[in-house]
Amino acid sequence: MGSNDTRNLWLSIAAGIFATFLLYSYSQEKKAEYDKRFGSTKRVVVAKEDIAEMQTVYDTMVETKDMPADFIQPDTVTIPDEIIGNVAAVPIRKGQMIVKNNLLTPGPDTGIALQVAPSKRAVAIPVDEIRGVAKLIRPGDRVDIYAAVDSGKGVQQRREVFTLMSDVPVLATGLSVVNNIPRMFELDSSGKNLNQIALTGDTKYTTITVEATPKEAQDLFYILSTAPGNLFFALRNPSDRTIPVRAPSSTSDTVLGRPMVSLDAAPAVPAAPPVVLPQQQQRMMQPMQQRAPQPTQQRRNGFKTL
Numbered sequence: 094m095g096s097n098d099t100r101n102l103w104l105s106i107a108a109g110i111f112a113t114f115l116l117y118s119y120s121q122e123k124k125a126e127y128d129k130r131f132g133s134t135k136r137v138v139v140a141k142e143d144i145a146e147m148q149t150v151y152d153t154m155v156e157t158k159d160m161p162a163d164f165i166q167p168d169t170v171t172i173p174d175e176i177i178g179n180v181a182a183v184p185i186r187k188g189q190m191i192v193k194n195n196l197l198t199p200g201p202d203t204g205i206a207l208q209v210a211p212s213k214r215a216v217a218i219p220v221d222e223i224r225g226v227a228k229l230i231r232p233g234d235r236v237d238i239y240a241a242v243d244s245g246k247g248v249q250q251r252r253e254v255f256t257l258m259s260d261v262p263v264l265a266t267g268l269s270v271v272n273n274i275p276r277m278f279e280l281d282s283s284g285k286n287l288n289q290i291a292l293t294g295d296t297k298y299t300t301i302t303v304e305a306t307p308k309e310a311q312d313l314f315y316i317l318s319t320a321p322g323n324l325f326f327a328l329r330n331p332s333d334r335t336i337p338v339r340a341p342s343s344t345s346d347t348v349l350g351r352p353m354v355s356l357d358a359a360p361a362v363p364a365a366p367p368v369v370l371p372q373q374q375q376r377m378m379q380p381m382q383q384r385a386p387q388p389t390q391q392r393r394n395g396f397k398t399l
């Protein structure tokens, strides 16, 4: 390489360094101008995707982004962990800053109406440890519901246990709803401080809310109005979606293996013996064309008639 080539190489390197310096200086000037015009930047939480109303906010739905401080609202969220598990009170668009006023703390105000399928109804059923599988049922599980119903009166009264509903989705257990809201907040006795309550392992609930058709809801309400303690839950495997053929009702006879005796059937009445009519009545009941003419004479008011 000659002296001219070496000089040209160094000139090119110097020119590149000088251009880089100019570019850096320009960017710093623009940044200073930008900061002077819009103020400094601040890292805030924005929506990474569209979040629907009443939808639970998960960590995959949000991200942090630097925004001009002058454009940031005072209640804008800056730490993602503060809102994970909350519920969107209004629709939030992708790229929109998340404001605390647009979120709801998990609790009764969030509701589950939007989680009920169209044409279905949400029905709450009181439970205890025995009827509710030791309260191990969680939102999103599927269960079978059994009913114990008394029928008949007096000596004919009996109790039958049968499958009322199969493969029923559980919408909520107490205040824990199906979208697995992890926590809720309640005011303490003083009414000033918030206490955080984890709902993922809550076993203090006294009701289970299930999804039912209007007819199923009507049947449930009938049993709840007459014997609310006669409904029982059986937990299903989440991969088992089969609807079994409805088995015959269980009674004391079926449990003990006795022959089934229907108490509703009327007792058999022996047939009445045939009534033997007098000979004259039998002859009168014969067809007219089969009767033999039998002329008779009667004297009535002095006249003879045949």
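Heads up: the sequence shown begins at 94 in the working numbering, then just goes up one per residue.
Note that CB positions come from ideal geometry on N, CA and C, so glycine has one too.
Since the structure is predicted, the reported quantities are computational estimates derived from the model, not experimental observations.
Cα-Cα separation, residue i to residue j
i: E156; j: P232; result: 28 Å
i: D234; j: I301; result: 11 Å
i: K297; j: A240; result: 23 Å
i: K141; j: I165; result: 17 Å
i: V183; j: D237; result: 35 Å
i: Y151; j: R136; result: 19 Å
i: L196; j: L268; result: 18 Å
i: G403; j: L317; result: Any question about residue 403 goes unanswered here, given that the chain covers just 94 to 399.
i: S105; j: K123; result: 27 Å
i: V248; j: R351; result: 18 Å
i: L115; j: V270; result: 59 Å
i: T335; j: L349; result: 29 Å
i: S332; j: S282; result: 44 Å
i: P275; j: K308; result: Low confidence applies here, because P275 scores a pLDDT of 46, under 50, leaving its location unreliable and the question unanswered by this model.
i: S342; j: Q250; result: 15 Å
i: Y119; j: A112; result: 10 Å
i: S208; j: D163; result: The sequence shown places Gln at residue 208, not Ser. Going by the C-alpha atoms only, they are around 39 Å apart.
i: D98; j: A125; result: 40 Å
i: W103; j: Q121; result: 27 Å
Residue from the options whose Cα sits closest to the Cα of residue i
i: G40; options: D159, A265 and K123; result: Absent from the structure is residue 40, since the part of the chain shown begins at 94 and ends at 399.
i: Q311; options: A215, V137 and L104; result: A215
i: R339; options: F314, V254, K124 and P352; result: V254
i: R252; options: T344, G267, V137 and E146; result: T344
i: I230; options: V263, A181 and T256; result: V263
i: F325; options: V270, A227 and G245; result: A227
i: A181; options: G322, P307, V192 and F114; result: V192
i: V261; options: R329, A107 and I172; result: R329
i: G178; options: R186, Q148 and T171; result: Q148
i: I223; options: T347, N97, A327 and R351; result: A327
i: P167; options: N194, T153 and R186; result: N194
i: T319; options: P352, T299, K213 and D243; result: D243
i: D50; options: E309, T299, I110 and D163; result: Nothing can be reported for residue 50, as the shown portion of the chain is limited to 94 through 399.
Neighbourhood of residue i by C-beta, 7 Å cutoff - its chain only, sequence neighbours within 5 removed
i: P337; result: S259
i: A210; result: E304
i: T256; result: D237, Y239, R339 and A340
i: Y117; result: none
i: R186; result: A140 and D143
i: M154; result: A140, K141, E142 and I144
i: N101; result: none
i: A107; result: none
i: G109; result: none
Interface flag, residue i vs chain D, CB-CB below 8 Å
i: V139; result: Looking at the structure shown, chain D is missing, and only one protein chain is on hand.
Nearest-angstrom Cβ-Cβ length linking residue i and residue j, presumed shorter than 8 Å
i: P161; j: T134; result: 6 Å
i: P321; j: P219; result: 6 Å
i: T306; j: K246; result: That belief does not hold up - the Cβ atoms of T306 and K246 are roughly 31 Å apart, past 8 Å.
Contact set for residue i: own chain, Cβ-Cβ below 6 Å, skip 5 residues either direction
i: A265; result: I205, P232 and T302
i: L313; result: V216
i: M190; result: V137, V139 and T169
i: T171; result: V137
Other residues of its chain near residue i: CB distance less than 8 Å, five sequence neighbours each side excluded
i: A145; result: A181 and P184
i: N273; result: Residue confidence is low: N273 scores 48 on pLDDT, short of 50, so the model does not pin down where it sits. No coordinate-derived value is stated.
i: N401; result: The structure shown does not extend to residue 401, since the chain is modelled only from 94 to 399, so the question has no answer here.
i: I176; result: V138, V150, V155, V170, I191, K193 and L196
**Message:** Going residue by residue through the segment 235-274, where are the continuous beta strand (DSSP E) segments of at least 3 residues, counting only ones entirely within it?
**Reply:** 235-244 and 251-266
**Entirely enclosed beta strand (DSSP E) segments - the segment 122-181, minimum 3 residues** = 134-140 and 155-161
**beta strand (DSSP E) segments (min. 3 residues) lying fully within the segment 301-348** = 324-328
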